[in-house]
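Comments concern the structure below.
This is the structure in structure tokens:
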């Protein structure tokens, strides 16, 4: 049995590892186009701050461990140029030598990730314009920062990535200006959540402008509908696009957002070809359907499922799905969401109640702050449909309680009955989640 | 309608507040023996450290707010000396004036809390021997510390209270020695959890001795079976006992651990008499029975239920129960438990699997550490029966996910499918809970 995996970051390496774990005698080849082994992409913004910490610290495992301990034939700088789904053969070019060769497969795993969308406006292919998608991007930005000591950065796009980057750059004494095309930031968050983020933007003196059209970058300036901004450094993070050209060229069917269409077993329409991670669709439990939600945890889980399915093709497991849980850090704030967001609720025509409740995060113990818990629950029965928390102190792992509640289809009546951990260093005697649930109970 | 409440701390004030909220026209009298309004008892150890922060900072509300905004007739220094459950009258002594009077009631709420068990060995009624149960205790300890500048403390008992006190005293440069009668500490934690606490004891250079019999305190020394220890200050925390003498004298029936026996509506055997908080039993959902688990959250919840039931006696609500969730801080460690503990599992004859898994707490982001997640799950179906986490970083609110899982009777198979929040400042891509669940899945 021979499995070939195209792409060796999160889903690819997870699939390879699981396949070898369950079927140690099988042959598993990973063909990774870049020169980097699997790395923790979400840690990239934070690496910038630490001059002496090489970006290779983000590697999940060393090449030696992957090869020797896990027994995976992991090959760097190998570009797959074509897939023959009938002959079950991929064409490969070794980017180091230029040599081309073919690999036959029994199973093919398509795990090519996604790419940053680039701007086509003039000047945006200059060498001081960066994306922040790959480890190579990070390498380039980091070297630029430490070599050129930029003072002013223009960040195009106000999504998670650039908000994290703004936080990091500010700590590095580089002043960011954030320019966003849309009329509001963070469309998957509701107004009550966004307001907290905007308060922090103001408090930190960050210039963040919305509804801005970018005209061009000329030398050290970005020109836009909102004016001209000095830009020693530009980071563009305006969205991503699944890397599916190769897959589509082989007859692979695309689904939501141009991602590889997969069934619950992560099989594509091509015989013996699986797809997973940021290039594939993600099954959302609450929707009972696939969506596109490219984040690290789902990529790792996809990989595990695919690895299991190529090892046990007669006893496949379904990918169990996601609940759209996500979190990012913005200065002291943590900004977190799970379940359906308000736009989805409206699009689905749900009759829902929203409560937004501010609470202290601790008892009588230093270091506490406040957080805003937002619950979306079904009118009438109080079923929790979605939740967002924005605030300081422990936010992400409180959100996890609500992610668990969504997984188990709990109502706010049930959430109000939870027995959560209390001691003054960790929580008020009524945890913010219980306080919010008690407010919701009165309104559903 | 007139409700009299004996005791005005957690359960008492919660009951009074809820009764007035739901039935604003009713009369609610709280008779509190001490001179303090309701306070956050769990915050007491941490107050010691802050010389300039008066212990009254721990008050939940001011007397004026309780009286004016909540409309509660809250009376301090009022000792109830007798209950006539037939005539529905309590006898009261005003400790300030010595005057005695009676109050008739329609409903009586018995919320007298519990008391520290004292040692009878010689010398343990000296003025430099303290308990740590009331705000007055805290006042006395604190004044003693700042007046006398003790250098050596002997802490008798190695429960949550004295472990918290040892942490605080160490920060105040007072060297604690902990003497415990039992052969091991923390009986409700399993060996794998205790080991982490003992590692911290060692790392911090704390002397903690078990299996110790206390002989006497003589002057500045505590003499014991383990030797003689200098003691400028002694704190005894060897357990508590529900304050039920008055209740029992009126014919009130006692249950588990000598606590007031209550039904699911928190009614006692006495007509129109409710009991709640640390003087009453607590319904444990997993046991389907009452136990004694006197902690702040349950007291507040008891109070809310009782307040609701006296306001709506024709439409009473049940106390929904607890899952034995608890957490305490011990230096950098958080030590947390939920669900059935190992002794209970053994006593119940459960066929269970235990896994103890150490994981990193964060991704590539500064400040991370490790934690140990311990899961007890039912052999065969993987039902989560109990969980404990000991470690640094965010422990308590991770445990809450497992407390939620226990409430919803989740299996480790389901827990492994949770979509938990990931970003490097908060979690590795596989949260420690998911890692532990995945280990458990392979063993059940």
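Protein chains in written order, with full-length UniProt numbering: chain S, 1 to 444; chain D, 1 to 444. Ideal Cβ placement from N, Cα and C applies to all residues, glycine included.
{"Asked": "Residues, ordered as in the chain, of the region 386 to 413 of chain D that lie near chain S by beta-carbon distance below 7 Å", "Found": "394, 396, 397, 398, 399, 400, 401, 403, 404, 405, 407, 408 and 410"}
{"Asked": "Extent of the continuous beta strand (DSSP E) to which residue 388/S belongs", "Found": "384 to 391"}
{"Asked": "For residue 423/S, the three-state DSSP class (helix, strand or coil)", "Found": "coil"}
{"Asked": "Whole-angstrom C-beta distance between residue 311/D and residue 22/D, which should lie under 8 Å", "Found": "4 Å"}
{"Asked": "For residue 3/D, the three-state DSSP class (helix, strand or coil)", "Found": "strand"}
{"Asked": "Any C-beta of chain A under 9 Å from that of residue 309/D", "Found": "The chain labelled as chain A is not found among the protein chains of the depicted structure, namely S and D."}
{"Asked": "Distance between residue 334/D and residue 392/D (C-alpha atoms, nearest Å)", "Found": "6 Å"}
{"Asked": "Minimum Cβ-Cβ distance from residue 358/S to chain D less than 9 Å", "Found": "no"}
{"Asked": "According to DSSP, residues forming a beta bridge with residue 93/D", "Found": "79/D and 100/D"}
{"Asked": "CA-to-CA distance, residue 79/D to residue 236/D, given in whole angstroms", "Found": "26 Å"}
{"Asked": "Chain D residues whose Cβ lies nearer than 9 Å to that of residue 330/S", "Found": "Neighbours of residue 330/S on chain D: none; closest Cβ ~11 Å, over 9 Å."}
{"Asked": "Closer than 9 Å to chain D by CB, residue 327/S", "Found": "yes"}
{"Asked": "Neighbour list for residue 294/S in chain D, Cβ cutoff strictly below 8 Å", "Found": "Within chain D, no residue comes near residue 294/S; the closest Cβ sits about 13 Å away, beyond 8 Å."}
{"Asked": "Status (buried if at least 16 other CB within 10 Å, exposed otherwise) for residue 341/S", "Found": "buried"}
{"Asked": "Any C-beta of chain D under 9 Å from that of residue 143/S", "Found": "no"}
{"Asked": "Spatial neighbours of residue 161/D in its chain, beta-carbon cut-off 6 Å, leaving aside the 5 residues before and after", "Found": "132 and 237"}
{"Asked": "Every unbroken alpha helix (DSSP H) inside the region 158 to 227 of chain S [4 residues or more]", "Found": "160 to 171 and 191 to 203"}
{"Asked": "Bridge partners - residue 378/S, DSSP secondary structure assignment", "Found": "352/S"}
{"Asked": "Cβ pair residue 305/S, residue 222/S closer than 9 Å", "Found": "no"}
{"Asked": "Chain S residues whose Cβ lies nearer than 9 Å to that of residue 132/D", "Found": "Residues of chain S passing the Cβ test: none, with the nearest at roughly 14 Å."}
{"Asked": "Residues sharing a beta bridge with residue 291/S, DSSP", "Found": "282/S"}
{"Asked": "Residues of the region 32 to 55 of chain S with Cβ closer than 8 Å to any Cβ of chain D, in chain order", "Found": "40, 42, 43, 46 and 47"}
{"Asked": "Coarse secondary structure for residue 275/D, derived from DSSP in three states", "Found": "strand"}
{"Asked": "Within chain S, the residues that residue 61/D reaches when beta carbons sit closer than 9 Å", "Found": "Those do not exist, as residue 61/D stays about 13 Å from chain S at its closest Cβ, beyond 9 Å."}
{"Asked": "Contact test: residue 318/S Cβ vs the ligand MN heavy atom, cutoff 8 Å", "Found": "Absent from the structure shown: the ligand MN. Ligands present: none."}
{"Asked": "Min CB distance residue 171/S to chain D below 9 Å", "Found": "no"}
{"Asked": "Cβ-based neighbour list, residue 245/D, same chain, cut-off 7 Å, excluding 5 preceding and 5 following", "Found": "none"}
{"Asked": "The beta strand (DSSP E) enclosing residue 334/D, as first and last residue numbers", "Found": "333 to 339"}
{"Asked": "Selection of the region 421 to 442 of chain S by Cβ proximity to chain D, strictly under 7 Å", "Found": "421, 422, 423, 424, 425, 426, 427, 429 and 430"}
{"Asked": "Residue 10/D in three-state terms, based on DSSP", "Found": "helix"}
{"Asked": "Exposure label - residue 38/D; buried when at least 16 CB within 10 Å", "Found": "buried"}
{"Asked": "Where residue 326/S falls: helix, strand or coil (DSSP)", "Found": "strand"}
{"Asked": "Those residues which DSSP pairs with residue 150/S across a bridge", "Found": "Answer by DSSP bridge pairing: none, since residue 150/S is not bridged."}
{"Asked": "Residue 343/D - containing alpha helix (DSSP H), residue span", "Found": "342 to 347"}
{"Asked": "Neighbourhood of residue 229/S by C-beta, 7 Å cutoff - its chain only, sequence neighbours within 5 removed", "Found": "154, 177, 221 and 222"}
{"Asked": "Span of the beta strand (DSSP E), counted from its first residue to its last, around residue 417/D", "Found": "Note, residue 417/D: premise wrong, no beta strand (DSSP E); not H, not E."}
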